[in-house]
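Participant:
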DNA sequence: GTTGATAATGAAAATCATTTTCAATAAGTA
DNA sequence: TACTTATTGAAAATGATTTTCATTATCAAC
Ligand SMILES: [Mn+2]
Ligand SMILES: [Mn+2]
Ligand SMILES: [Zn+2]
Ligand SMILES: [Zn+2]
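Chains as they are written, first to last, in the numbering used here: chain A, -1 to 139; chain B, -1 to 139.
Spelled out as structure tokens, the structure:
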């Protein structure tokens, strides 16, 4: 099953209807290599679906976030950008020039985080790690 | 020299004037154990300075950020909160219940971050690490 | 395939946070 | 003290997001 089919199935599962607008928005989000904000999604989606309203973009993205398919990404350029979520435990590497986002794994700092929390009398719940730099393409420019 | 004196001196250094409003806002920011957004600073400062306008809070906080005295903190509850900056390289541990923020040091992952970036053909520029959990006081409630 | 209940849509209005404008005021230097 | 000019706060402007609501479209039941 393709990712898009999985996403649409999840929508259906929750009793939501499959509409042309939702399909178009999902297409954009699944294709994008970088996190997008609602206005960016709106502009990109309108190329193929000019009558789309931005309200529908807001509603659809919020809904996809609740379904665990999109996640919010915080960057210097804004905290209202969303990226398709990858299953499992990962962290992000983001290009400061073009915004390309890459999930990476392999680092495991949990124990050290636990120790720091303990030292400070905190009960650790979560952690947030994000790397930023220039992606391959953007280094050459 | 007290921290407040250092802050006021930095303002003066940049040709800015010392006003009662700025002093009151700085008092609140230096006293707070957690990151605050402009509206919170406004409410807290108005207790001692009821005629204060919120525009002045926005302007003062932006200015303190540019001076490197405040930093923006990103949290689930909002990305417009500011915390007094600590000199040197630190990371934050934030209570998800009360917002208390603690700087910690001692962890050094730079080499591993470098390696991850390299593996992904990125030129590393920065990293962002933040831990969250329940602080000592909030665990007991 | 029709029908009907109701979820979804988009335009417009409302709301909320932040920024800009501007006349009055206050800080700090001479 | 007098003067220059940065600062202030009210009000207006802006920009992003949310709400409202009449219309339309989906999809399950016939
Ligand atoms: Mn991790
Ligand atoms: Mn670090
Ligand atoms: Zn790039
Ligand atoms: Zn706490």
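Think of the CB as a built atom: it goes at the ideal place given N, C-alpha and C, for glycine as much as any other residue.
#1: CA-CA distance, residue 90 (chain A) and residue 19 (chain B)?
#2: From the DSSP output, in three-state form, read off residue 15 (chain B) for me.
#3: Can you confirm whether the segment 93 to 103 of chain B touches the segment 47 to 65 of chain B when touching is taken to mean that 3 or more C-beta pairs between the two stretches lie within less than 8 Å?
#4: Using a Cβ-Cβ cutoff of 8 Å, what residues of the segment 86 to 115 of chain A are near chain B? List them in chain order.
#5: Shorter than 7 Å, the distance from the beta carbon of residue 119 (chain B) to the closest heavy atom of ligand 3, or not?
#6: Going along chain A in order, which residues have a C-beta closer than 9 Å to the C-beta of residue 137 (chain B)?
#7: What residue from A:33, A:119 and A:121 has the CA that sits closest to residue 68 (chain A)'s CA?
#8: Answer yes or no: the CB of residue 140 (chain A) versus the heavy atoms of ligand 4, is any distance below 7 Å?
#9: Which partner residues of residue 44 (chain B) appear in the DSSP bridge assignment?
#10: Do residue 2 (chain A) and residue 28 (chain A) have their beta-carbon atoms positioned less than 8 Å apart in this structure?
#11: Since residue 94 (chain A) and residue 130 (chain A) should fall inside the 8 Å C-beta cutoff, what is the C-beta to C-beta distance between them, to a whole number of angstroms?
#12: Counting only the same chain and skipping the five closest in sequence on each side, list residues whose C-beta sits under 7 Å from that of residue 122 (chain B).
#13: If you follow the alpha helix (DSSP H) that residue 125 (chain B) is part of, which residue opens it and which one closes it?
#14: Just curious, the beta strand (DSSP E) that residue 73 (chain B) is in, first and last residue?
#15: With a cut-off of 8 Å on the beta carbons, I'd call residue 24 (chain B) and residue 40 (chain B) a contact; round off their distance for me.
#16: Is the CB-CB distance between residue 12 (chain A) and residue 65 (chain A) below 8 Å?
#17: Between which two residues does the beta strand (DSSP E) holding residue 89 (chain B) run?
#18: Out of curiosity, what's the CA-to-CA distance linking residue 8 (chain B) and residue 21 (chain B)?
#19: Determine the chain B residues that contact residue 126 (chain A) at a beta-carbon separation under 9 Å, and present them in chain order.
#20: For a quick check, are the C-beta atoms of residue 43 (chain B) and residue 16 (chain B) less than 8 Å apart?
#21: Please name the residue in A:49, A:31, A:139 and A:-1 whose C-alpha comes closest to that of residue 79 (chain A).
#22: Please list, in chain order, the chain B residues whose beta carbon lies closer than 8 Å to that of residue 134 (chain A).
#23: Can you list, in chain order, the stretches of the alpha helix (DSSP H) that have 4 or more residues and sit fully within the segment 94 to 118 of chain B?
#24: Below 8 Å on C-beta distance, what does residue 77 (chain B) contact in chain A?
#25: Measuring from the CB of residue 125 (chain B), is there a heavy atom of ligand 6 at a distance below 7 Å?
#26: Which residue marks the beginning of the beta strand (DSSP E) containing residue 65 (chain A), and which one marks its end?
#27: Is the Cβ-Cβ distance between residue 98 (chain B) and residue 75 (chain B) less than 8 Å?
Facilitator: The relevant details are as follows:
#1: 41 Å
#2: coil
#3: no
#4: 91, 93, 94, 100, 102, 104, 105, 107, 110, 111, 114 and 115
#5: no
#6: 119, 120 and 121
#7: A:33
#8: Because chain A spans -1 through 139 in this model, residue 140 (chain A) falls outside it and cannot be assessed.
#9: The partner list for residue 44 (chain B) (beta bridge, DSSP) is empty, contrary to what the question assumes.
#10: yes
#11: 5 Å
#12: 111, 112 and 115
#13: No alpha helix (DSSP H) contains residue 125 (chain B), which is instead part of the beta strand (DSSP E) from 121 to 132.
#14: 68 to 73
#15: Actually they are not in contact, since the Cβ atoms of residue 24 (chain B) and residue 40 (chain B) sit about 14 Å apart, beyond 8 Å.
#16: yes
#17: 89 to 93
#18: 13 Å
#19: 72, 126, 127, 128, 129 and 130
#20: no
#21: A:31
#22: 119 and 120
#23: 108 to 117
#24: 72 and 77
#25: Annotation note on ligand 6: not contained in the displayed structure, which lists ligand 1, ligand 2, ligand 3 and ligand 4 as its ligands.
#26: No beta strand (DSSP E) contains residue 65 (chain A), which DSSP labels as neither H nor E.
#27: no
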